[in-house]
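Working notes for the structure below.
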Amino acid sequence: MVKREVFTLQSIKSRIETRFRHYYPDDIGTEEDKDAAKVANAVILFLKVLELNRNTGFIITTNLNSEELRNRYGDCLFDRIIGQLTILYLNPHSYRKSHAEIVK
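Residue numbers (our numbering): 38 to 141.
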């Protein structure tokens, strides 16, 4: 019989503190539509951990604007993001596109 570990917010917080000091969900919004709810749940969980431990770094990157983020993940996640994180808007200019070399 396989013992299944039950995760609580405290046990996850402890694991994060001992293993990870920073969490970086990169480029959210690029996952398949069927996985959007999983991404939202993971982000909400880490935002809850962030509430308990301000020493945990948390950076989200996305190419979605505010409206697209809210439409994809819902009001709950959007409200948590704008309420708990500092939003940085970076220039939408693409360095890779401007320096791309097209080989014919």
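We put the CB at the ideal spot given by N, CA and C, even for glycine.
Helix, strand or coil at residue i according to DSSP, with G and I counted as helix
{"i": "I81", "result": "helix"}
{"i": "I119", "result": "helix"}
{"i": "G94", "result": "strand"}
Between the CA atoms of residue j and residue i - distance to the nearest angstrom
{"i": "N108", "j": "A79", "result": "17 Å"}
{"i": "N96", "j": "I139", "result": "Asn is not the amino acid found at residue 96; the sequence shown has Ile there. Taking the straight line from one Cα to the other gives about 33 Å."}
{"i": "T99", "j": "E68", "result": "11 Å"}
{"i": "V86", "j": "D70", "result": "25 Å"}
Beta-carbon proximity check, residue i vs residue j, cutoff 8 Å
{"i": "A137", "j": "Y110", "result": "no"}
Buried/exposed call for residue i, threshold 16 Cβ in 10 Å
{"i": "I119", "result": "exposed"}
- Count the CB pairs spanning the region 130-139 and the region 70-90 that are closer than 8 Å, and state whether there are at least three. Here the region 130-139 makes no contact with the region 70-90; the two share fewer than three CB pairs at distances below 8 Å.
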